[in-house]
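*Asks:* The structure under discussion is supplied below as structure tokens; questions concerning it will follow.
There are 2 protein chains.
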Amino acid sequence: MLSITSLTSADGQLCPVRRVLSGVVGKWQSLILLSLEDEPQRFSAIKRLIGDITQRVLTENLRDLERDGYVTRTVSDGSPVEVHYALTALGREFLDLFKPLIGWAVQRRADIEENRAAYDRKRAD
Amino acid sequence: MLSITSLTSADGQLCPVRRVLSGVVGKWQSLILLSLEDEPQRFSAIKRLIGDITQRVLTENLRDLERDGYVTRTVSDGSPVEVHYALTALGREFLDLFKPLIGWAVQRRADIEENRAAYDRKRAD
DNA sequence: CAGTATCCTTTACGATACTG
DNA sequence: CAGTATCGTAAAGGATACTG
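Order-wise, the sequence lines are chains A and B. Here the first sequence is numbered in the numbering used here, starting from 1 and rising by one per residue. Here the second sequence is numbered in the numbering used here, starting from 1001 and rising by one per residue.
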């Protein structure tokens, strides 16, 4: 049963399942995982692929993703160092479920924008 | 092609596709849509089903969901008024793609919590 | 009942400078 | 190169009181 009761919590904390989801569907996390889909990438490559993310925020998000087990972090000794990030099986599992959602957003984007515009036109009267 | 390039933007704005996703995978939106899955609900029923959401935030989120076309809002004349919210086809489409993600989070939750704990143990040395 | 209105706090994020 | 450290801002959300 995937009812809403499995996601609600009385106290001020997110229930564990919501905490899992919020750790991965946020503004940056899914984008970072997507940047690793084809092959492992170095820190600077991820940053370049995403474009509009600051170093600080990327570091922060990568740490959280590593902590939860979505990516691995590998440091090669040398100077300057190279740090490679790669998807784990868990990260790939998530991506496989999330990508259909991206496809849907691409398909439906125009409809949603039209809905929004229509709603705003009505309210403007 | 569902590459990352379809989601990145050079300027400070979210690209349109990311804007769509951010409007629906946030902290409350998916939960609200889930509360409407079986049948339309009144405002107070949604609030009760979710539990930890304030009236202000629920109102705000419902408006945005209505604006984008995920839910309809129907006011019955009477006193006091009854307001019913219901899923649209668009809202249902989203839920159909999002629910597998919830199922996955339920399955994987324990693993992820263990990853987190293991990571924190390492860092504690 | 279904909201508004106000105020306040927290969290995420951006910008920038610095470092092994 | 891959971060850390600091500072500042803006948006989301919580608490509470009020209303047609």
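Heads up, the beta-carbon is just placed ideally off N, CA and C, and yes, glycines get one too.
1) Between S1035 of chain B and the rest of its own chain, which residues show a CB-CB distance below 7 Å, the 5 nearest in sequence each way excluded?
2) Is it the case that the Cβ atoms of V1017 of chain B and A110 of chain A are separated by a distance below 7 Å?
3) Show which residues of chain B have a CB atom less than 8 Å away from the CB atom of A89 of chain A.
4) Which residues in the same chain as S1022 of chain B place their Cβ atom closer than 8 Å to its Cβ, once the five residues preceding and following it in sequence are excluded?
5) Does the beta carbon of N115 of chain A sit closer than 7 Å to a beta carbon anywhere in chain B?
6) Compute the Euclidean distance between the alpha carbons of R123 of chain A and Q1029 of chain B, then round it to the nearest angstrom.
7) Check this for me: beta carbons of F94 of chain A and V20 of chain A, under 7 Å apart or not?
8) Contact between the segment 1050 to 1060 of chain B and the segment 1069 to 1079 of chain B: three or more CB pairs below 8 Å?
9) Taking the CB atoms as reference points, tell me whether I112 of chain A and D1064 of chain B lie closer together than 7 Å.
10) R42 of chain A touches chain B at which residues, Cβ-Cβ below 8 Å?
11) CB-CB under 6 Å to E1066 of chain B, same chain, minus the five flanking residues each way: which ones, in chain order?
12) Answer with yes or no whether the minimum CB distance from G78 of chain A to chain B is below 7 Å.
13) Give me the residue from B:S1044, B:L1031 and B:E1039 with the minimum Cα distance to L1087 of chain B.
14) Can you say whether T1005 of chain B is buried or exposed, counting buried as having 16 or more other CB atoms within 10 angstroms of its CB?
15) Alpha carbon to alpha carbon, how far is E82 of chain A from Y1070 of chain B? Give it in angstroms, no decimals.
16) Taking only the alpha-carbon atoms, compute the straight-line gap between Y85 of chain A and P1100 of chain B and give it to the nearest angstrom.
17) Which residue from B:R1121, B:G1103 and B:A1089 puts its Cα closest to that of N115 of chain A?
18) A86 of chain A versus chain B: which residues are under 7 Å apart at the beta carbon?
*Replies:* From the atom records:
1) Here the set comprises Q1041, I1046, L1049 and I1050.
2) Taking 7 Å as the cut-off, the Cβ atoms of V1017 of chain B and A110 of chain A do not count as close.
3) The premise fails here: A89 of chain A is roughly 10 Å from chain B at the closest Cβ pair, so nothing lies under 8 Å.
4) Cβ neighbours of S1022 of chain B beyond the five flanking positions: L1014.
5) At least one chain B Cβ lies under 7 Å of N115 of chain A.
6) Straight-line Cα distance between these residues: approximately 22 Å.
7) No, the pair does not count as a contact, with Cβ atoms beyond the cut-off.
8) They do not touch, by the three-pair rule.
9) Contact: no.
10) Within 8 Å Cβ-Cβ: nothing; R42 of chain A doesn't reach chain B, min ~15 Å.
11) Closer than 6 Å at Cβ, skipping near neighbours: R1073.
12) Judged by the 7 Å Cβ criterion, G78 of chain A is not in contact with chain B.
13) Among B:S1044, B:L1031 and B:E1039, the Cα nearest to that of L1087 of chain B is on B:E1039.
14) By the neighbour-count rule (16 or more Cβ atoms within 10 Å), T1005 of chain B is not buried but exposed.
15) Looking at the two C-alpha atoms, the distance is approximately 45 Å.
16) Distance between the alpha carbons of Y85 of chain A and P1100 of chain B is about 26 Å.
17) Looking at B:R1121, B:G1103 and B:A1089, the one whose alpha-carbon comes closest to that of N115 of chain A is B:A1089.
18) Residues of chain B passing the Cβ test: none, with the nearest at roughly 15 Å.
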